[in-house]
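Engineer: The following block contains the structure, expressed as structure tokens.
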Amino acid sequence: MDDIISLAKRRGFFYPSSEIYGGLANTWDFGHYGTLLKNNLRDLWWKFFVTTRTNMVGIEASIFLNPKVWEASGHVSGFTDALIDCKKCKFRTRADHLIEDQLPDTKVEGLPIEKLTEIIKTHKLKCPRCGSSDFTDVRKFNLLFETSIGIVEEAKSKAYLRGEIAQGIFLNYKNVLDTMRVQIPFGIAQVGKAFRNEITMGQAVFRTLEFDLMEFEYFIRKNEWKKTFSYWQEELKKFAKILGIDEQRLRWREHEEHERSHYSTRTVDLEYQFPFGWKEIWAVAYRTDFDLANHMKHSGVNLAYRDQQSGESYIPHVIEPTFGLSRLILVILHNAYRVSEIKGKMRTYLAFDPKIAPIKAAIFPLQKDEKLQKIAANLYNDLRHEFVVEYDNAGNIGKMYRRQDEIGTPYCITIDYQTIDDATVTIRHRDSMKQERLALDAISSYFAKVL
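Going letter by letter, the sequence shown gives residues 45 to 495 in the numbering used here.
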């Protein structure tokens, strides 16, 4: 992971946030290639789950919601992490992370805080900062970020940054019913920022204070939940295959009763095997009618669904597939990371599926020759209106190849002296390094087929 994170920072996928001021824990900024990769993943998700389906609609809800929303949803009282403090140096960390780090074979998923305290004290685990074993008991801390709304200090009102993006969907459920002519079953999807005041283990963009989620709430009849739950599990696996994620590194993990969120009757995580263990990347949860029923109760607004044919009214139940977009970047980087030896030299490259690669192709003139540079520049200007491509005329073909390998560019096009004679170019394939000649005027149609 250290090598992958180093490559990601060196090649502009992501950087530590506020780095010139010493950084800020658990915050990262996405660079040019990271932003392109993230946008490609987001757009592919939106196409697969939303625009190609006839019963899915999209929204973009506000980050700021009325504070009563979080009370009604149970987040003010039930959205917590188990944290522990070192009595000697006051270092605070998550109890489960402390145990996982020092007792890697111990299963801690979903254990109650009393059991976590017992494990830490029995094994005399040490503070990562000062080495002391003198800890407080494990306590629960709310993950919602508090903020204030208002200009005048005395008149400010408490608000929260959203800890999940689902509530904006539930709040707009009636608006969607009234405007979009949807019928059960249907889904409401969105992509957006969420914020959680939690402590992480420094695993780059896997878990951060601010992160991007992609999810939808799928509204159904209660008796349809088991069949619908299984259907969306299969769709998640299909999407993982589209992204080129290694199936051997994926597994489903069922949440035990005591670890499920307060709104869930059943939750399964799709986990990915990182070097630091199996970790959740996506999930499917059965939220029953918990959210709509609570918002109906607390707001006084009727949120029942009325069947136009039978006249029946009921509160729909909900299946929620959710996807962490920020952490998916780390999954994709790890999944694509390759190192091989070529003629005694190590070659590092990212084997992205071409559909998600930040840069689709790079165009090089073989030498700093005016004629070659002109042809290369013209080709670049032609292609960049259809594909995300780069132009490089550094002159050293080996260095240019290595740079494109490390950002995962699937194709490199070299303009050489034969191009002047017969209007053909060399196309190099990233993974195999094989090269072929192709006519200049055929490149656009070629890429339209392979990208």
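Beta carbons are placed, not taken as given, at the ideal position from N, Cα and C, and that holds for glycine.
#1: My output table needs one value for residue 62: the three-state DSSP class, helix, strand or coil.
#2: Where does residue 231 sit, in a helix, a strand or coil, going by DSSP?
#3: Relative to the alpha-carbon of residue 362, which residue among 248, 214, 475 has its alpha-carbon at the smallest distance?
#4: Would a check of beta-carbon distances place residue 396 closer than 8 Å to chain D?
#5: Could you check whether residue 467 and residue 434 sit closer than 8 Å to each other, using their CB atoms as the reference points?
#6: Unbroken alpha helix (DSSP H) runs of length 4 or more, entirely within the segment 49-98: which are they?
#7: With distances taken Cα to Cα, identify the nearest neighbour of residue 183 among 130, 176, 345.
#8: Does the structure place the segment 283-296 close enough to the segment 311-322 that three or more beta carbon pairs sit under 8 Å?
#9: Which two residues bound the contiguous alpha helix (DSSP H) that contains residue 145?
#10: Closest to residue 339 by CA distance: which of 365, 108, 216 is it?
#11: Among the candidates 187, 428, 347, whose CA atom is the shortest distance from the CA of residue 222?
#12: So for residue 184, helix, strand or coil by DSSP?
#13: Can you tell me whether DSSP reads residue 250 as helix, strand or coil?
#14: Please report the Cβ distance between residue 26 and residue 77, rounded to the nearest whole angstrom; I am assuming they are in contact, meaning their Cβ atoms lie under 8 Å.
#15: Give a yes or no on contact between the segment 329-338 and the segment 104-122, applying the rule of three or more CB pairs nearer than 8 Å.
#16: I'd like the list of long-range same chain contacts for residue 190, defined as Cβ closer than 7 Å, with 5 residues on each side in sequence excluded.
#17: Identify, in the order they occur along the chain, each residue of the same chain with its Cβ nearer than 8 Å to the Cβ of residue 430, setting aside the five sequence neighbours on each side.
#18: Give me the DSSP bridge partner(s) of residue 114.
#19: Using 10 angstroms around the beta-carbon of residue 64, count the other beta-carbons present and answer buried if the total reaches 16, otherwise exposed.
#20: According to DSSP, what are the bridge partners of residue 100?
#21: Looking at residue 368 and residue 188, is the spacing between their C-beta atoms short of 8 Å?
#22: Could you check if residue 224 is buried or exposed, using at least 16 other CB atoms within 10 Å of its CB as the buried criterion?
#23: Which one of 240, 176, 404 has the shortest CA to CA distance from residue 583?
#24: Since residue 179 sits in a beta bridge, which residues does DSSP pair it with?
#25: Counting along the chain, where does the beta strand (DSSP E) carrying residue 389 start and finish?
#26: Which residues bound the alpha helix (DSSP H) around residue 109?
#27: Spatial neighbours of residue 298 within its chain, please: C-beta separation below 7 Å, excluding the five flanking residues on both sides.
#28: Helix, strand or coil for residue 446? Go by DSSP, reduced to three states.
#29: Can you check whether the CB of residue 208 is closer than 8 Å to the CB of residue 238?
#30: Quick one: Cα of residue 97 to Cα of residue 456, how far?
#31: Run through DSSP, which three-state label would residue 256 get?
#32: Straight-line CA distance for residue 110 to residue 58?
#33: Tell me which same chain residues have a C-beta within less than 7 Å of the C-beta of residue 330, skipping the five on either side of it?
#34: Output the boundary residues of the alpha helix (DSSP H) element that contains residue 331.
#35: Checking 8 Å against the spacing of the C-beta atoms, do residue 136 and residue 243 come in under that value?
#36: Give the DSSP bridge partners of residue 456, in chain order.
Structural biologist: Taking the geometry as given:
#1: Here the question's residue 62 lines up with position 18 in the sequence shown. Three-state result, residue 62: coil.
#2: Start at 1 with the first residue of the sequence shown, and residue 231 comes out as number 187. Residue state, collapsed to three classes: strand.
#3: Position 318 of the sequence shown, counted from the start, is the residue given in the question as residue 362. The option with the nearest alpha carbon to residue 362 is 214.
#4: Absent here is chain D; the protein component of the structure consists of one chain.
#5: Position 390 of the sequence shown, counting from 1, holds the residue named residue 434. Position 423 of the sequence shown, counting from 1, holds the residue named residue 467. For residue 434 and residue 467, no; Cβs fall outside 8 Å.
#6: 76-90
#7: By one-based count along the sequence shown, residue 183 stands at place 139. Cα-wise, what sits closest to residue 183 is 130.
#8: yes
#9: The count along the sequence shown starts at 1 and reaches residue 145 at position 101. Where residue 145 is concerned, the enclosing alpha helix (DSSP H) stretches over 139-146.
#10: As a first step, residue 339 must be located in the sequence shown, where it is residue number 295. Checked all of 365, 108, 216; the closest Cα to residue 339 is 216.
#11: Translated into the one-based positions of the sequence shown, residue 222 becomes position 178. Per the Cα distances, 347.
#12: Residue mapping note: residue 184 aligns to position 140 of the sequence shown, counting from 1. The answer is strand: DSSP assigns residue 184 an E or B state.
#13: Position 206 of the sequence shown, counted from the start, is the residue given in the question as residue 250. Three-state result, residue 250: helix.
#14: It is not possible to answer for residue 26, since the shown part of the chain is limited to 45 through 495.
#15: yes
#16: Locating residue 190 in the sequence shown gives position 146, counting from the first residue. 202, 204, listed in sequence order.
#17: Taking the first residue of the sequence shown as position 1, residue 430 is located at position 386. Closer than 8 Å at Cβ, skipping near neighbours: 488, 491, 492.
#18: Locating residue 114 in the sequence shown gives position 70, counting from the first residue. Per DSSP, none; premise fails for residue 114.
#19: Position 20 of the sequence shown holds residue 64. That one is exposed.
#20: Start at 1 with the first residue of the sequence shown, and residue 100 comes out as number 56. 231, per the DSSP bridge assignment.
#21: Along the sequence shown, one-based indexing puts residue 188 at 144. Along the sequence shown, one-based indexing puts residue 368 at 324. No, the Cβ-Cβ distance between residue 188 and residue 368 is not below 8 Å.
#22: Position 180 of the sequence shown, counted from the start, is the residue given in the question as residue 224. Exposed, by the Cβ-count rule.
#23: Outside the shown range of the chain, which is 45 to 495, sits residue 583, and nothing can be said about it.
#24: Within the sequence shown, residue 179 is the residue found at index 135, counting from 1. Answer is 130.
#25: Looking up residue 389 in the sequence shown gives position 345. Segment 389-394, the beta strand (DSSP E) holding residue 389.
#26: The residue given as residue 109 occupies position 65 in the sequence shown. Premise fails: residue 109 is in no alpha helix (DSSP H) and is neither H nor E.
#27: Locating residue 298 in the sequence shown gives position 254, counting from the first residue. Hits under 7 Å: 312.
#28: Counting from one through the sequence shown, the residue named residue 446 turns up at place 402. Of the three classes helix, strand and coil, the one that applies to residue 446 here is helix, per DSSP.
#29: Locating residue 238 in the sequence shown gives position 194, counting from the first residue. Locating residue 208 in the sequence shown gives position 164, counting from the first residue. Yes; because the gap between Cβ atoms is below 8 Å, this pair is in contact.
#30: Working through the sequence shown from its first residue, we reach residue 97 at position 53. Working through the sequence shown from its first residue, we reach residue 456 at position 412. In a straight line, the C-alpha of residue 97 is about 35 Å away from that of residue 456.
#31: Here residue 256 refers to the residue found at position 212 when the sequence shown is read from its first residue. If DSSP states are grouped into helix, strand and coil, residue 256 belongs with the strands.
#32: One-based indexing of the sequence shown puts residue 110 at position 66. One-based indexing of the sequence shown puts residue 58 at position 14. So the two alpha carbons sit approximately 33 Å from each other.
#33: Position 286 of the sequence shown, counting from 1, holds the residue named residue 330. Contacts found: 269, 273, 308, 309, 310, 363.
#34: If you number the sequence shown from 1, residue 331 lands on position 287. Not the alpha helix (DSSP H): residue 331 falls in the beta strand (DSSP E), residues 321-332.
#35: As a position in the sequence shown, residue 136 is number 92, starting the count at 1. As a position in the sequence shown, residue 243 is number 199, starting the count at 1. Going by C-beta atoms, residue 136 is nearer than 8 Å to residue 243.
#36: Here residue 456 refers to the residue found at position 412 of the sequence shown. Beta-bridge pairing links residue 456 to 406, 472.
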